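If you count the sequence shown from 1, position 180 lands on 1240 in the numbering used here, and the numbers rise without skipping.
So the structure is just underneath, and the comments pick up after that.
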Amino acid sequence: MHGERLKDEGSKLQVVAAGATAGLISRFVIAPLDVVKIRLQLQTHSLSDPLSQRNLQGGPIYKGTLPTLRHILRHEGITGLWKGNVPAELMYICYAGVEFTTYRSTTLLLHSAFGEGSLPHGVESFAAGAAAGAAATVATYPLDLLRTRFAAQGNEDRVYPSLRRAVLTIRRDEGLKGFFRGLGPGLAQIVPSMGLFFAFYEWLRLPLGRLELPLGSGDAAAGVVASVIAKTGTFPLDLVRKRIQVQGPTRLRYVHKNIPEYRGTVQTVRTILATEGLRGLYRGLTVSLVKAAPASAVTMWTYERALKAYIELGEKGLDNWLS
């Protein structure tokens, strides 16, 4: 199966395989930081808040990445740091495959519509990245919601004992729309975030590639810088998405038992600003940026090398064997 190629960027099969490989490896590496980020995002108060503003009966109160890691290890064991990893792995594999495929297809479409090289490179990368992020978000959103809910539950009074039970329970109690809670802020975040990410990545990849950097190229460094820039500007929408994802009949059964009831993106933002201040929209930002660096570096570094390996295998007839 030798699909149409974009220069030396590989066939459709090779792009999907490389994207899935990158997503799988990246997710496993950063899973503990992802759990920490979700716990911090769902927390309505921190240790630095005045005592009068805290609800001490609302579950654990975390402060910082390392204390949260230690708290989870002490109370939930090492497996607590990989809660939600199964739906997350499935999400990352599917997300990366859809993302890179859509990015490539959108680039080809833009070349066909406007001519290759006619659009500024940054505009082309932004448009392709935004389209890729939106398509991948919609396609994998139910898995993202399941990942959040598993990461939010403790060992006592577990909300969902298994992935299968979670799917059946949400379908029964919340309907199909229950799997898409928070999709609005998710799309509002991912379009500019991924657009900026791919634009900065493509802009930085070649110049950084000429430098003598660890691991042999500037792919990883470009991925880190691009991810930090993109995520910082859109982080509040990510937090809003997490808060809405745990709404519904199980809202008060997670580790944080004082999660307020939110309805819609705008109302959620207003409530957080009124009760937690501007800082409330950035809970977990530090660990998110810490997570973004290795996640993006591993993803892009693995993708570039996996794609190269699959192209080499394809030249030996692997594509025909897989067809």
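Glycine is no exception: its CB is placed at the ideal position from the N, C-alpha and C atoms.
No experiment lies behind these values; they were computed from the predicted model shown.
For the alpha helix (DSSP H) that contains residue i, what are its first and last residues?
| i | result |
| --- | --- |
| residue 1261 | 1243–1269 |
| residue 1076 | 1072–1102 |
| residue 1204 | 1181–1212 |
| residue 1127 | 1125–1136 |
| residue 1336 | 1325–1336 |
| residue 1291 | 1279–1305 |
| residue 1230 | 1223–1234 |
| residue 1216 | From DSSP, residue 1216 is part of no alpha helix (DSSP H); its letter is neither H nor E. |
| residue 1315 | From DSSP, residue 1315 is part of no alpha helix (DSSP H); its letter is neither H nor E. |
| residue 1168 | 1145–1174 |
Roughly how many angstroms lie between the CA atoms of residue i and residue j, to the nearest whole one?
| i | j | result |
| --- | --- | --- |
| residue 1254 | residue 1133 | 33 Å |
| residue 1265 | residue 1282 | 5 Å |
| residue 1145 | residue 1215 | 15 Å |
| residue 1155 | residue 1270 | 30 Å |
| residue 1223 | residue 1233 | 15 Å |
| residue 1350 | residue 1126 | 12 Å |
| residue 1399 | residue 1164 | Look at the range of the chain in this structure, 1061 to 1383, and you will see that residue 1399 is not part of it. |
| residue 1213 | residue 1176 | 49 Å |
| residue 1136 | residue 1221 | 15 Å |
| residue 1112 | residue 1122 | Residue confidence for residue 1112 is low, a pLDDT of 47 falling below 50, so the modelled location carries little weight and cannot support an answer. |
| residue 1162 | residue 1302 | 25 Å |
| residue 1082 | residue 1129 | 25 Å |
| residue 1331 | residue 1338 | 11 Å |
| residue 1355 | residue 1204 | 16 Å |
| residue 1182 | residue 1259 | 5 Å |
| residue 1206 | residue 1237 | 13 Å |
| residue 1217 | residue 1372 | 51 Å |
| residue 1219 | residue 1148 | 17 Å |
| residue 1333 | residue 1173 | 44 Å |
| residue 1309 | residue 1325 | 19 Å |
| residue 1231 | residue 1187 | 35 Å |
| residue 1131 | residue 1248 | 33 Å |
| residue 1091 | residue 1169 | 35 Å |
| residue 1074 | residue 1370 | 6 Å |
| residue 1086 | residue 1159 | 15 Å |
| residue 1291 | residue 1201 | 18 Å |
| residue 1229 | residue 1307 | 14 Å |
| residue 1194 | residue 1313 | 31 Å |
| residue 1340 | residue 1171 | 43 Å |
| residue 1124 | residue 1336 | 17 Å |
Assuming residue i and residue j are in contact, meaning their beta carbons sit under 8 Å apart, how far apart are those beta carbons, in whole angstroms?
| i | j | result |
| --- | --- | --- |
| residue 1166 | residue 1191 | 4 Å |
| residue 1242 | residue 1327 | Their Cβ separation, rounded to whole angstroms, is 13 Å, which puts residue 1242 and residue 1327 out of contact at 8 Å. |
| residue 1315 | residue 1120 | 6 Å |
| residue 1284 | residue 1093 | That pair is no contact at about 14 Å. |
| residue 1151 | residue 1280 | Residue 1151 to residue 1280, Cβ: 22 Å. No contact. |
| residue 1141 | residue 1095 | 6 Å |
| residue 1100 | residue 1343 | 5 Å |
| residue 1143 | residue 1239 | That belief does not hold up - the Cβ atoms of residue 1143 and residue 1239 are roughly 19 Å apart, past 8 Å. |
| residue 1262 | residue 1185 | 4 Å |
| residue 1071 | residue 1374 | 6 Å |
| residue 1358 | residue 1089 | 6 Å |
| residue 1208 | residue 1098 | 6 Å |
Kindly examine the ligand HEM and report whether one of its heavy atoms sits closer than 7 Å to the Cβ of residue i.
| i | result |
| --- | --- |
| residue 1268 | Among the ligands in the structure shown, none appear at all, so the ligand HEM cannot be discussed. |
State yes or no: is the beta carbon of residue i nearer than 8 Å to at least one beta carbon in chain B?
| i | result |
| --- | --- |
| residue 1195 | Here there is only one protein chain, and chain B is not present. |
For this session: Would you be able to state if there are at least three C-beta pairs under 8 Å between the stretch 1075–1083 and the stretch 1353–1373?
Result: Touching, yes, given that three or more Cβ pairs across the two stretches are closer than 8 Å.
For this session: Take every Cβ of the stretch 1243–1260, pair it with every Cβ of the stretch 1296–1305, and state whether three or more of those distances are shorter than 8 Å.
Result: Between the stretch 1243–1260 and the stretch 1296–1305, the count of Cβ pairs shorter than 8 Å is three or higher; the stretches touch.
For this session: Report yes or no: do three or more beta-carbon pairs, one from the stretch 1090–1107 and one from the stretch 1308–1323, lie closer than 8 Å?
Result: Output reads yes: the stretch 1308–1323 touches the stretch 1090–1107.
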